[in-house]
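Residue numbers (our numbering), protein chains in the order written: chain V, 454 to 792; chain L, 454 to 792. Glycine included, every Cβ here is placed at the ideal spot set by N, Cα and C. Here the structure comes first, spelled out in structure tokens, and everything after it is commentary.
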DNA sequence: GCGGGGGGATGAATCGTTTCAGCGGGTCCG
DNA sequence: CGGACCCGCTGAAACGATTCATCCCCCCGC
């Protein structure tokens with residue numbers, strides 16, 4: 454593996470000149486430039502990133518620590534990140550914390566050593582890593598938190614108003630005539646899960662009933678257990694609509710209900726959250742609360758760049774997006790008459 | 454951002470000693486060690502990864518270039534990679550080529566500069582990047598190709614026998630009585646797409662009919678167009694079963710058929726490929742050809758480590774896994790009688 | 001009392017770039 | 001004809017860690 458020195462020797466110039474050919478070619482005489490280029494291709498020379506970064510003090514890479522890559526929501530956010538990064542020719546590295554706090558901690562540690570341009574992260578939990586993130590910031594690595602409404606005051610944040618999302622869900626289901634609604638989600642230590650519940654609860658009146666099905670996690674498997682629980686209730690005790698913590702849960706609920714002979718939406722309506730592509734593609738297309746996924750990623754990345762650019766008057770900001778209801782088949786019927 | 458020098462000064466020792474505290478603590482007197490540790494925490498010192506790597510010549514990071522993170526198949530493979538990497542305390546960085554050859558090329562270039570321990574990649578196309586990958590190898594960065602049966606002879610490869618997968622699919626559908634089968638997939642320049650087709654075609658006899666629906670890509674949206682195409686055929690001209698290039702396509706087909714009033718599996722059976730989690734979670738649970746996803750990632754990573762360890766007698770290997778049929782509802786009925 | 005040895009620290013060399021002051025030589029202008 | 005400039009290139013100093021030869025001291029054994 455050849456270094457710049459060998460290129461210089463082969464081309465009969467100094468290393469400084471080779472570096473100039475690489476970084477400001479117009480400062481080098483054409484004839485010299487060509488000679489150097491020839492040496493480069495001849496040796497198959499590739500710059501050493503570590504040495505460059507060591508010298509430069511900072512890389513052109515932004516790191517994304519995703520909470521759960523198995524959730525397509527994050528993939529879509531990632532798309533936004535990548536398109537924003539591409540504009541500035543930055544590289545995006547993705548890491549997956551898999552909702553594992555220990556793993557996340559190790560990753561942050563690792564990132565601190567790597568000194569990326571910035572870090573985009575959805576922390577596993579509000580409180581746990583705050584300190585660690587603040588350490589990153591205090592070491593000059595800007596951090597932007599996304600999809601999380603926690604009070605991380607040492608950097609910018611992008612979030613979606615989950616309470617509003619819950620309210621939209623509640624209003625929609627009330628309009629459809631539902632008077633007994635279930636909320637399937639968890640763990641409640643996750644801010645979003647709690648906020649969505651609170652929004653729903655806030656729009657329900659005295660006369661309406663709310664059943665909370667607590668889940669240990671938001672995925673298809675836990676969604677199925679929720680579906681089972683609902684299906685096994687006697688028709689009178691059964692909610693006529695289920696608002697799910699996210700679309701994965703909704704898909705699980707949908708499958709379980711269908712399999713047990715309940716019709717969606719006629720017997721039970723289902724409303725998801727996130728509006729991932731699989732929601733529309735479900736056999737009973739899912740109504741869902743849509744988050745502007747790509748825009749979240751795009752905006753978060755832009756903020757990160759602002760911070761890292763050390764814009765003089767940069768003020769940490771918190772951008773809150775509004776969710777929106779997407780109506781599809783899974784909530785398309787009026788609630789069945791109470792028994 | 455403090456460096457090792459400042460730690461040394463604060464602790465009243467030389468930089469060499471600080472380095473020893475970090476890397477071989479038992480070579481340092483306990484009293485000194487504590488003094489250094491105190492200085493480290495006091496300054497919030499973190500090692501500079503670039504400097505370390507520059508000195509060491511190689512990092513402890515393996516890079517994965519995934520073909521399409523939006524396909525849960527790759528997420529599952531990734532899980533296998535991560536678990537294998539964790540055993541050796543390696544960090545996994547994920548990059549997404551999004552099936553874009555240009556993007557992939559840029560990523561490989563970038564990786565060459567970064568000098569990771571190794572690269573795990575599913576190339577966008579067989580021929581295109583072969584040269585580039587060989588360059589990586591010739592620069593001492595081992596490459597393992599996964600989920601691709603191309604002839605990349607400069608490194609190890611992990612793949613699945615896609616022809617066999619196609620045969621399994623065909624045999625299963627024949628057993629169910631289907632005599633007119635459609636294959637929905639594309640582009641055929643992708644080896645897997647072609648192999649799965651060929652396997653299917655190989656088990657069909659003279660009397661059976663095969664309709665090929667060519668798609669520009671394998672995702673839910675193209676699956677829907679395939680579904681539309683099938684639904685719009687007159688019942689007589691309509692295949693009674695569809696074998697799909699992957700599960701995303703199958704989900705699209707399923708939704709479109711259902712929405713247009715065709716029953717699955719009674720009117721049309723659907724068979725997917727990959728057996729991603731969403732396949733089982735579809736409202737009509739999808740039969741699918743299962744690939745050992747996590748094992749692919751795990752094995753590929755192990756091979757990478759072997760190569761990078763420069764095991765003296767290391768021979769490049771090619772591991773081929775066998776796919777298996779997973780029967781679910783979407784192929785559970787006998788084929789309808791021919792009209 | 002002296003040589004040997006070993007534990008513990010030092011300091012310099014090194015990794016591969018980038019950057020910048022400086023140098024030689026040619027051109028232009030007064 | 002001499003100074004001012006510009007062009008193109010050189011050489012060396014950083015960047016921050018690791019590593020290894022070296023040195024210092026103290027203790028032990030003869």
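Contact list for residue i against chain V, beta-carbon separation under 9 Å
i: residue 499 (chain L); result: 562, 565, 566, 568, 588, 592
i: residue 474 (chain L); result: Correct list: empty, because the minimum Cβ distance to chain V is about 16 Å.
i: residue 548 (chain L); result: 544, 545, 546, 547
Distance between beta carbons of residue j and residue i, contact taken as under 8 Å
i: residue 781 (chain V); j: residue 529 (chain V); result: With a Cβ gap of about 18 Å, residue 781 (chain V) and residue 529 (chain V) do not count as contacting.
i: residue 617 (chain L); j: residue 775 (chain L); result: 6 Å
i: residue 592 (chain V); j: residue 635 (chain V); result: Rounded, the Cβ-Cβ distance is 46 Å, inconsistent with contact.
i: residue 667 (chain V); j: residue 705 (chain V); result: 15 Å between Cβ atoms; not a contact.
i: residue 522 (chain V); j: residue 531 (chain L); result: 7 Å
i: residue 552 (chain L); j: residue 520 (chain L); result: 6 Å
i: residue 515 (chain L); j: residue 757 (chain L); result: 6 Å
i: residue 760 (chain V); j: residue 533 (chain V); result: The pair is not a contact, with the Cβ atoms about 17 Å apart (cut-off 8 Å).
i: residue 626 (chain V); j: residue 722 (chain V); result: 7 Å
i: residue 731 (chain L); j: residue 731 (chain V); result: 6 Å
i: residue 478 (chain V); j: residue 486 (chain V); result: 6 Å
i: residue 546 (chain V); j: residue 546 (chain L); result: 5 Å
i: residue 568 (chain V); j: residue 476 (chain L); result: Not a contact, Cβ separation roughly 19 Å.
i: residue 694 (chain L); j: residue 724 (chain L); result: 7 Å
Cβ-based neighbour list, residue i, same chain, cut-off 6 Å, excluding 5 preceding and 5 following
i: residue 709 (chain V); result: 677, 680, 681
i: residue 686 (chain V); result: none
i: residue 785 (chain L); result: 718
i: residue 673 (chain L); result: 701, 704, 705
i: residue 753 (chain V); result: 573, 597, 599, 611
i: residue 484 (chain V); result: none
i: residue 810 (chain V); result: Because chain V spans 454 through 792 in this model, residue 810 (chain V) falls outside it and cannot be assessed.
Residues near residue i in its chain [Cβ-Cβ closer than 7 Å; skip 5 each side]
i: residue 727 (chain V); result: 526, 699, 700, 741, 744
i: residue 684 (chain V); result: 709, 710, 713, 715
i: residue 662 (chain L); result: 632, 633
i: residue 737 (chain V); result: 707, 717, 782, 783
i: residue 642 (chain L); result: 578
i: residue 468 (chain L); result: 457, 458, 461
i: residue 560 (chain V); result: 518, 548, 550
i: residue 649 (chain L); result: 615, 618, 619, 638, 698, 726
i: residue 787 (chain V); result: 629, 630
Chain V contact residues for residue i, given Cβ-Cβ distances below 7 Å
i: residue 544 (chain L); result: 563
i: residue 737 (chain L); result: 736
i: residue 596 (chain L); result: Here the premise fails: no neighbours, minimum Cβ distance about 15 Å.
Neighbour list for residue i in chain L, Cβ cutoff strictly below 8 Å
i: residue 576 (chain V); result: Result: empty, since nearest Cβ-Cβ is about 19 Å, beyond 8 Å.
i: residue 731 (chain V); result: 673, 704, 731
i: residue 506 (chain V); result: 503
i: residue 531 (chain V); result: 522, 549
Contact set between residue i and chain L, taken where Cβ atoms lie within less than 9 Å
i: residue 658 (chain V); result: Neighbours of residue 658 (chain V) on chain L: none; closest Cβ ~33 Å, over 9 Å.
Beta-carbon neighbours of residue i, restricted to chain L and to distances below 7 Å
i: residue 528 (chain V); result: 522, 523
i: residue 734 (chain V); result: 673, 704, 705, 708
i: residue 480 (chain V); result: The premise fails here: residue 480 (chain V) is roughly 22 Å from chain L at the closest Cβ pair, so nothing lies under 7 Å.
Other residues of its chain near residue i: CB distance less than 8 Å, five sequence neighbours each side excluded
i: residue 463 (chain V); result: 492, 495, 496
i: residue 794 (chain L); result: Not covered by the structure: residue 794 (chain L). The range shown for chain L is 454 to 792.
i: residue 571 (chain L); result: 515, 516, 594, 595, 596, 597, 757, 758, 760, 761
i: residue 601 (chain L); result: 575, 576, 579, 610, 612, 644, 645
i: residue 465 (chain L); result: 488
Minimum length 4: unbroken alpha helix (DSSP H) runs contained in the segment 568-594 of chain V:
583-591
Start-end ranges of the alpha helix (DSSP H) lying completely within the segment 624-663 of chain V, minimum 4 residues: 644-656
Query - Contiguous beta strand (DSSP E) assignments of at least 3 residues, all confined to the segment 493-538 of chain V - result: 514-519
Unbroken stretches of the beta strand (DSSP E), 3 residues or longer, contained in the segment 752-785 of chain V: DSSP runs (the beta strand (DSSP E)) wholly in the segment 752-785 of chain V: 771-774, 777-779.
**Cβ-based contacts, 7 Å cut-off: residues of the segment 693-724 of chain V near chain L** = When C-beta distances to chain L are compared with 7 Å, the residues of the segment 693-724 of chain V below that value are 704, 705, 707, 708, 711, in chain order.
Kindly provide the ranges of any alpha helix (DSSP H) runs that are 4 or more residues long and lie completely inside the segment 654-715 of chain V, ordered along the chain. 673-684, 700-712
Check your understanding: When you check each C-beta in the segment 457-471 of chain L against every C-beta of chain V, which residues fall closer than 9 Å?
Key -> Result list empty, no residue passes.
task = Taking a Cβ distance cut-off of 7 Å, strictly less, list which residues of the segment 752-764 of chain L are near chain V, in chain order.
result = none
Which residues, in chain order, does the segment 680-694 of chain L contribute to contact with chain V at a C-beta distance below 8 Å?
none
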